[in-house]
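Student: Quick one: the structure is below, and I'll ask about it shortly.
Residue numbers (UniProt numbering): 1 to 112.
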């Protein structure tokens, strides 16, 4: 296993559903905190979308574990933000047998 370098500061965000004032709802994102992580590319592909070609990249994001139920523990459906880049969390798993780290499998869409 490669040595982890948790040198990237990522904002952990959770979706919040709020009324839009016209009888509907809109999704906004609330920042839960900042985590230090190791971000590694795991896959990438190009796909044709409605607005042209879209690049879809998969990432393995490893960070220090937080207790189950803690607001600081990432969950599928949340996302990480690094400036203008957004990584959608698809799954979260224990990275080691002792539960010291978590691995988040995430994806990022970019215009190609």
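Ideal Cβ placement from N, Cα and C applies to all residues, glycine included.
The model shown is predicted, which means the values in this text are computed figures rather than measured ones.
(1) I'd like to check one pair, residue 76 with residue 59: are the Cβ atoms closer than 9 Å?
(2) Answer with buried or exposed for residue 71, where buried requires no fewer than 16 other C-beta atoms within 10 angstroms of its C-beta.
(3) Can residue 55 and residue 45 be called in contact, C-beta distance under 9 Å?
(4) How many Å lie between residue 21 and residue 28 at the Cα?
(5) Within the 9 Å Cβ cut-off, does residue 66 reach chain C?
(6) With a threshold of 6 Å on Cβ separation, who are the neighbours of residue 66 within its own chain once the five nearest residues in sequence on each side are excluded?
(7) Buried or exposed for residue 98, please, with buried defined as at least 16 other CB atoms from any protein chain shown within 10 angstroms of its CB.
(8) Using beta-carbon positions only, say whether residue 94 and residue 105 come within less than 9 Å of one another.
(9) Identify the continuous beta strand (DSSP E) that holds residue 90 and give its terminal residues.
(10) Can you check DSSP and say which residues form a bridge with residue 128?
Tutor: Looking at the atomic coordinates:
(1) Looking up residue 59 in the chain shown gives position 59. Looking up residue 76 in the chain shown gives position 76. Contact flag unset, no.
(2) As a first step, residue 71 must be located in the chain shown, where it is residue number 71. Answer is exposed; the Cβ neighbour count stays below 16.
(3) For the purposes of this step, residue 55 is taken as the residue at position 55 of the chain shown. For the purposes of this step, residue 45 is taken as the residue at position 45 of the chain shown. Yes; because the gap between Cβ atoms is below 9 Å, this pair is in contact.
(4) Reading the chain shown from its first residue, position 21 is the one you call residue 21. Reading the chain shown from its first residue, position 28 is the one you call residue 28. Whole-angstrom Cα-Cα distance: 14 Å.
(5) Protein chains in the displayed structure number just one, and chain C is not present.
(6) Residue mapping note: residue 66 aligns to position 66 of the chain shown, counting from 1. Cβ within range, chain order: 72, 73.
(7) Reading the chain shown from its first residue, position 98 is the one you call residue 98. Classification for residue 98: exposed.
(8) If you number the chain shown from 1, residue 94 lands on position 94. If you number the chain shown from 1, residue 105 lands on position 105. Cβ atoms of residue 94 and residue 105: not closer than 9 Å.
(9) Within the chain shown, the letter at position 90 stands for residue 90. 85-94 is the span of the beta strand (DSSP E), which, as asked, contains residue 90.
(10) In this structure the chain extends from 1 to 112, so residue 128 is not present and cannot be described.
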